[in-house]
Structures are given as structure tokens and as C-alpha cells.
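Count along the sequence shown from 1, add 1, and you get the number used in the numbering used here.
Don't be surprised by glycine CBs; every beta carbon is placed ideally from N, CA and C.
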Amino acid sequence: MLSRQAALLTKTSLKKHAYRTTIKLAENYLKQCSFRGFSALPSHEVVGMPSLSPTMDAGTIAKWNLAEGESFGAGDVIAEIQTDKATVDFEAQDDAVLAKILVSDPTKEVAVGEPIAIFVEDEADVAAFQDYQIDDAATPAPAAIEPEPEPVASPVASTPAVATPAPSSPVASNSSDGRIVASPLAHKLAKEMGIAIHSVPGTGPNGRIIADDVREFVPPIVVAAPESAAEPAAVAPMMSGDLDFADYALSADQVQKAAALTAQKQHVPHYYLTVDLDLQPILNLRSSSMTFGDVSVNAMLLKASICALKDCPVVNSRWMDSFVRMYNEVALEYVLPEQSIVINSAAGKGITEIDSIIAEPDEAATSSIGTFSVVNLGMYGVKAAAPIIRPGQSAILALGAAENRLVPSTAEDELYTTAVMATATLSCDHRVVDGAVGAQWLAAFKGYVEDPMSMLL
């Protein structure tokens, strides 16, 4: 009887203990569900105010070209932003959907980096951000990781250990507060390809990771250290340690331009066309004309390139991944060592106006973005060059130094004569400008240079 009562008491206490345990687990589960429901949002990107000029600290959003819920592609103009110098288009770097506009007041000044919009990958995720507030965009900085204590050396060592080189550390973050800044499409591709997004170096603005970075990312090869080694080899001293040197810090704008040019050289299929130019007709026109006597040779060469772009408008285009965008207006960018001068609406400008713009450029000319570039290295005595195509363009023309050369003569009484010649090299993006079109443009340019009256009519 007593044993039966003890068994009943034991069974009852076990039931109570199991009930309390179940209640405790349920409470913990509900707490977790509440936390996840509050913090778990679809994959998205908080977009900050971009820096669109080297001196820009803040700007205002003059106009949004898209509404919430609308999708866009790489190269589309999302908004027009008023900087400290001019109104500049804010172009998309990847395909995405505008889920939420965080700053809609065109008079509100927003500091560079402050959130202005939310991008998502799928249109179905837009509804989740309907009530999203700008305060929610702030992401707490990751907790600092305390360094591990250094191991204490053993007093007795029977065999010397071989030092194994540590693998190169991945890119931990690409923002000042430790966050990984990447487009929604880049996040999606990285997940599908099994790539850790934090290990991909970004080539977008301010180190932002875009879809092309993920597609072309090659994981580093890690070589395993040998299990045993006889003795560590002596490491030769670095010769640079014995030399005198000086390090110069780079600005954020210089680092960004370097990354952009590196990406251009790696991802854009360049090819080059070269032709010799007879500059004597231009020199004869300057010496015989009162109107063009004070006009520089550079202005005439720029005008010739503008006329050639009107004859071959395909060169005045850019690659947009799934299509080619051909510009209706010519914005000629004249690249100088210290700055670039953009001649907007260049097709409607004469030689004297072009000469005055490059001689005394205004703020609009130095802060705009061109559709075709010309660089003249002849002033440094360079005979020819093959420059890298600038981002957002499909070709760039390089002009070499003018020099006297011996050329075949057209006169009957002499075989050779001396003429002032120069070499011009056209770098082309083969995805947009094929060889035949590039040759046509270069032939048109050569024709205008050697018959300058044809571009004045």
C-alpha cells in the first residue's frame, strides 16, 4: 500500500515538473518569436546620400524619378541630387526595386552617408517596408572583438616550430561603422553561389559591392602548410627596408578613381586603332585667317572629334549589360592632368566657343560627366598612348606630339617633303564599338583634321 502511494506521489511530481518545463520552453519560444518578428525584414539595402563630387558634404534631393515599388536597372537615373556645385544624376549600379523613399522633401539638406532610400530585390518585399521609419535604418556597430591573449612561450622546446603564414584576411567591412554595403542583387548572387559576401572586394561607389563583383570574384587559394619540416629557412631581408622612401596618403576620391579604372581595365574588352594626322592644313588655316588666328590647335582637334561623333553616333554610347544606351547629346570630356573639362551640348558650339571653355572653364564644365573623352599628351612630348576608357563611356581618343616628318610629296619635281604630323589612338569598348565602326569614326576624324574647312561649314 505504501509503495503504491509513493509511486502515485512520484508520478504526480513528475507530471508537475514536466508541466513547468513545458511552460518554460513555451515562454522562451514566444520570446524568440516576438524578437524575430520585430527585427526580421526581407533582404534589403539602406542607401545613403552618395558623394557625387570631391567637395560634397551634403546635398538635397531635387527630384525622385521613380516611385515606391518601381523596379530599375543598372545605369537608370534614380534621382536628381543638388550638390554644392551642380545638379547631378544618381545612377543605379545594379538591378533592384525602390521599396521606400526615406527623404522626400526637396528642401531638406542631407549629409553624405545618411539614409535616403531602401532597395530590395523582389517586388513582393516592398510591402514589408511600408511603415519603415528613417530611425530604423541605423544599424548598430558590431561589438569590438577582444584580441586573444598571446600564448606564453614554453621554457623547454625539443623541436623548433615552423611558422605557418596566416591567410590573407577577407574584407571585413566596407563602411566606417563596420557594415557590409552591397546591393540586394549582390546579396542574392552571393547566397546562390555560396560566396561569403564579406570576402568580396567592392568596386562600386565608396567600396559598395555590386553584382559584377560577386560574379567575377575568385576565392583565394589557401596552401596547406607541411606537417613537418626540418628547420625553418632563413628569410632574406627586404631590400626596401634599406632604402629611403616617403609614403603619401590618398584621398577618398583618388582611391575611388583608382578602383574604377582598375575595374574598367579588367572588365571592359579594349582594342586600339591608330592613325597619323597631317596637321599642316590646320596650321595653314590659323595663319591665313583673322577669325581663327588666335584659336588653339586643341580647340580645332576637339571640334573635329565632335563632328566625327555626329557622323558615327554609336561611339557616343555606353554599355548597360543588357542593352546599349546611345546619347542624343555630345558631352565632350577634355582630360587634363589636374582636372577634366566637359563641353556640354558640344555639337552646337563653334571653335571659338570651345576654345574659350577650355581656356577658362566654369563650375558646370568641371563638375559634369562626359560621354566621350579626349586626352592630349603631346605637350609632354609623348608620341602615342593607349588610355583606359573612362567609366560610363565607350571610347577615348589620345593625341600625340606634333612633329616634323618626312612624307611623300604630291609635287612632280620632288619625291619627299616635310609636314607637321601627329599620331592619334582610339581606345574602344568592343562590346559597343566594333572594329568597323571604330575605323569609320577615326577616318571621319582624320578627314575633318586634314580638311578643317569642312567642319566650319
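- Contact between the segment 273-285 and the segment 450-458 is present: 3 or more CB-CB pairs across the two stretches fall below 8 Å.
- Judged by beta-carbon spacing, I359 lies within the 8 Å limit of Y335, meaning their Cβ atoms are closer than that value.
- Where L407 is concerned, the enclosing beta strand (DSSP E) starts and stops at 404-409.
- Closest by C-alpha distance to S252, out of T56, I210, P43, is T56.
- Using a C-beta cut-off of 8 Å, the segment 77-97 makes contact with the segment 201-221, since at least three inter-stretch Cβ pairs fall below that distance.
- G439 has its alpha-carbon roughly 29 Å from the corresponding atom of D90.
- In this structure, the alpha-carbon of T88 lies about 27 Å from that of V315.
- Residue burial is scored here from C-beta neighbours: Q267 has fewer than 16 other C-beta atoms within 10 angstroms and is therefore classed as exposed.
- For the pair I342 and P362, the CB atoms are nearer than the 8 Å cut-off.
- Across the structure, A348 and F293 are spaced so that their CA atoms are roughly 19 Å apart.
- For R319, the enclosing beta strand (DSSP E) has its first and last residue at 318-320.
- Between R432 and G76, the CB-CB gap reaches or exceeds 8 Å.
- Rounded to whole angstroms, the gap between the alpha carbons of K311 and T418 is 34 Å.
- Taking L333 as reference, the option from K350, M321, M422, E339 with the minimal CA-CA separation is K350.
- The three-state secondary structure of S184, taken from DSSP, is coil.
- If the five residues before and after W442 are omitted, its C-beta is found closer than 6 Å to the C-beta atoms of A309, C313, V316, all from its own chain and listed in chain order.
- Shortest Cα-Cα distance from S184 to any of A425, H199, H45, E81 involves H45.
- Residue pairing by DSSP puts L427 in a beta bridge opposite L274, L398.
- E46 sits in a strand when the DSSP states are folded into three classes.
- By the criterion of a C-beta distance shorter than 7 Å, K86 is surrounded in its chain by S54, E364, S368, once the five residues flanking it on both sides are discounted.
- The C-alpha of S288 lies about 36 Å from the C-alpha of Y328.
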